[in-house]
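Asks:
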Amino acid sequence: MQPYTFTPIGLIRSPFKEKFGIPRQPALAKSAHMTLELLPPFDQPDCVRGLEAFSHVWLQFVFHDTLARGWSPLVRPPRLGGNAKVGVFASRSTHRPNALGLSLVELLGVDTSAGVTLQLAGADLLDGTPVLDIKPYIPFVEAIPEARGGFVDGPPPTLQVRWNELARQQLAEQPEAAALATLIEEVLAQDPRPAYQDDPERVYGVRLYHCDVRFRIAGGVAEVLEIDRVDQN
Ligand code: SAM
4 MQPYTFTPIG
14 LIRSPFKEKF
24 GIPRQPALAK
34 SAHMTLELLP
44 PFDQPDCVRG
54 LEAFSHVWLQ
64 FVFHDTLARG
74 WSPLVRPPRL
84 GGNAKVGVFA
94 SRSTHRPNAL
104 GLSLVELLGV
114 DTSAGVTLQL
124 AGADLLDGTP
134 VLDIKPYIPF
144 VEAIPEARGG
154 FVDGPPPTLQ
164 VRWNELARQQ
174 LAEQPEAAAL
184 ATLIEEVLAQ
194 DPRPAYQDDP
204 ERVYGVRLYH
214 CDVRFRIAGG
224 VAEVLEIDRV
234 DQN
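Read in order, the letters of the sequence shown correspond to residues 4 to 236 in my numbering.
Right, dumping it as structure tokens:
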């Protein structure tokens with residue numbers, strides 16, 4: 004077969020500045036608000052006429068950050084503890100023959116005042132992700148409550164999240180502290196650690212917006228230790 008070439012139609016602006024900590028599927032962190040800025044020549048209001056009538060959209064995008072690492076026929080999904088393997092086409096792994104992702108996200112708004120920008124919530128995408136296509140979600144054909152979910156039947160277990168005193172004080176100094184706190188709690192509740200790691204002393208860091216958030220996980224509880232503001236990019 005001949006290869007095909009696709010052109011990104013837009014770029015994601017996301018609070019997730021690195022892969023670590025990004026939820027493993029959309030909607031697991033509902034307060035993760037993102038924008039999708041359409042690129043010329045797709046940034047014309049005509050391209051999105053009628054889209055605002057839909058509450059959710061499918062995004063097809065490139066796993067651009069892991070593209071160079073290639074793929075293998077078997078992968079180890081985190082949901083199986085990182086040991087058992089399944090076929091790449093039975094998984095949502097980023098390491099695929101064609102590094103394409105598919106996420107269903109909430110459409111909060113469509114702004115056509117300068118170019119075209121979509122406001123989105125609940126996505127699982129890295130900042131700078133190139134988007135190849137947008138399609139409206141059609142509930143009557145695409146919502147199948149009785150469908151089987153294989154090894155991901157049901158939501159993952161979540162952690163409790165606690166804040167230590169220092170982290171609380173540092174949070175209060177951040178702009179939009181309440182929204183940031185909600186996002187941090189949603190992200191940490193998903194347990195971002197690799198499946199094989201369980202070291203209660205280990206301190207992890209996750210970058211959200213302009214903040215480095217340090218935390219530790221022990222006994223089913225994630226403790227926020229510190230929040231450091233870093234230069235925005
Ligand atoms: N919902 C999508 C799908 O099923 O195709 C993505 C699932 S994939 C398991 C989700 C992970 O992809 C995130 O946790 C994050 O680590 C990673 N990711 C998100 N954006 C990425 C990008 N642009 N390049 C590489 N990896 C990315």
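From the three backbone atoms N, C-alpha and C, an ideal C-beta is built for every residue, glycine too.
Per DSSP, what kind of secondary structure is Gly153 in: helix, strand or coil?
Replies: The count along the sequence shown starts at 1 and reaches residue 153 at position 150. DSSP places Gly153 in helix when its eight states are reduced to three.
Asks: Could you check what DSSP says for Pro81 in three-state terms: helix, strand or coil?
Replies: If you number the sequence shown from 1, residue 81 lands on position 78. DSSP places Pro81 in helix when its eight states are reduced to three.
Asks: Hey, how far is the Cα of Ser116 from the Cα of Ala35?
Replies: Your numbering for residue 116 matches position 113 in the sequence shown. Your numbering for residue 35 matches position 32 in the sequence shown. Those two C-alpha atoms are separated by around 23 Å.
Asks: Give me the Cα-Cα distance between Ala56 and Val134, rounded to the nearest whole angstrom.
Replies: Within the sequence shown, residue 56 is the residue found at index 53, counting from 1. Within the sequence shown, residue 134 is the residue found at index 131, counting from 1. If I take the Cα positions, the gap works out to 21 Å.
Asks: Among residues of its own chain, excluding the 5 on either side of Thr97, which ones have a beta-carbon nearer than 6 Å to its beta-carbon?
Replies: Along the sequence shown, read from residue 1 onward, the residue named residue 97 stands at position 94. Correct list, in chain order: Phe66 and Thr69.
Asks: So which residues put a beta carbon under 5 Å from any heavy atom of the ligand SAM, going in chain order?
Replies: Ordered along the chain, the selected set is Lys22, Ile25, Arg27, Phe66, His67, Asp68, Thr69, Arg95, Thr97, Gly104, Leu105, Ser106, Asp127, Leu128, Leu129 and Thr132.
Asks: When the Cα of Phe9 is compared with those of Val60, Phe64, Thr38 and Ala30, which residue comes out closest?
Replies: Along the sequence shown, one-based indexing puts residue 9 at 6. Of Val60, Phe64, Thr38 and Ala30, the residue nearest in Cα terms is Phe64.
Asks: Can the beta-carbon of Asp194 be found less than 9 Å from the beta-carbon of Lys20?
Replies: Within the sequence shown, residue 194 is the residue found at index 191, counting from 1. Within the sequence shown, residue 20 is the residue found at index 17, counting from 1. Not in contact: Asp194 and Lys20 (Cβ atoms no closer than 9 Å).
Asks: At the level of alpha carbons, what is the spacing between Leu107 and Ile141?
Replies: In the sequence shown, the residue the question calls residue 107 occupies position 104. In the sequence shown, the residue the question calls residue 141 occupies position 138. For Leu107 and Ile141, the distance between alpha carbons rounds to 11 Å.
Asks: Within its chain, find whatever has a CB closer than 6 Å to the CB of Ile187; leave out the 5 residues flanking it on each side and keep chain order.
Replies: For the purposes of this step, residue 187 is taken as residue 184 along the sequence shown, with counting starting at 1. Contacts found: Val216.
Asks: Are three or more beta carbon pairs between the stretch 73-86 and the stretch 151-167 nearer than 8 Å?
Replies: Because the criterion of three Cβ pairs below 8 Å is met, the stretch 73-86 and the stretch 151-167 touch.
Asks: Please state whether DSSP places Ile187 in a helix, a strand or coil.
Replies: Taking the sequence shown and counting its residues from 1, the one referred to as residue 187 is at position 184. Note: Ile187 maps to helix in three-state DSSP.
Asks: Thinking Gly152 and Ala30 are a contact (beta carbons under 8 Å), I'd like their distance in whole angstroms, please.
Replies: Along the sequence shown, read from residue 1 onward, the residue named residue 152 stands at position 149. Along the sequence shown, read from residue 1 onward, the residue named residue 30 stands at position 27. About 14 Å; that fails the 8 Å criterion.
Asks: Measure the beta-carbon distance from Leu41 to Ile12 and round it to whole angstroms, keeping in mind my assumption that it falls under 8 Å.
Replies: Position 38 of the sequence shown, counted from the first residue, corresponds to residue 41. Position 9 of the sequence shown, counted from the first residue, corresponds to residue 12. So it is a contact: roughly 6 Å between Cβ atoms.
Asks: So Glu40 is in the beta strand (DSSP E); what residue range does that whole segment cover?
Replies: For the purposes of this step, residue 40 is identified with residue 37 of the sequence shown, where counting begins at 1. Its beta strand (DSSP E) spans residues His36 to Leu41.
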